[in-house]
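Numbering (the numbering used here), first residue to last: 74 to 142.
Just so you know, even glycine gets a beta-carbon here, dropped at the ideal spot from N, CA and C.
One structure below.
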């Protein structure tokens, strides 16, 4: 019991001491600079465009590589 208490205590202290810094940096996340400029900004339209691209893809077999050792 004593062997696990100290590591658990140290982990808890280190974990909770980092949380305030995470909140500070979370507010500094930069907004997207080019979102929707070279692809559709509307999520539904973008999804349809991706589906259309995938419809035109030719399916190919991928060879299974085996180790020679």
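If we ignore side chains and look at the alpha-carbon of each, how far apart do residue i and residue j end up?
i, j, result
"residue 77", "residue 83", "10 Å"
"residue 119", "residue 112", "7 Å"
"residue 121", "residue 137", "32 Å"
"residue 85", "residue 103", "30 Å"
"residue 123", "residue 110", "16 Å"
"residue 129", "residue 117", "19 Å"
"residue 139", "residue 125", "35 Å"
"residue 131", "residue 79", "58 Å"
"residue 133", "residue 81", "51 Å"
"residue 141", "residue 127", "35 Å"
Below 8 Å between beta carbons: does that hold for residue i and residue j?
i, j, result
"residue 114", "residue 108", "yes"
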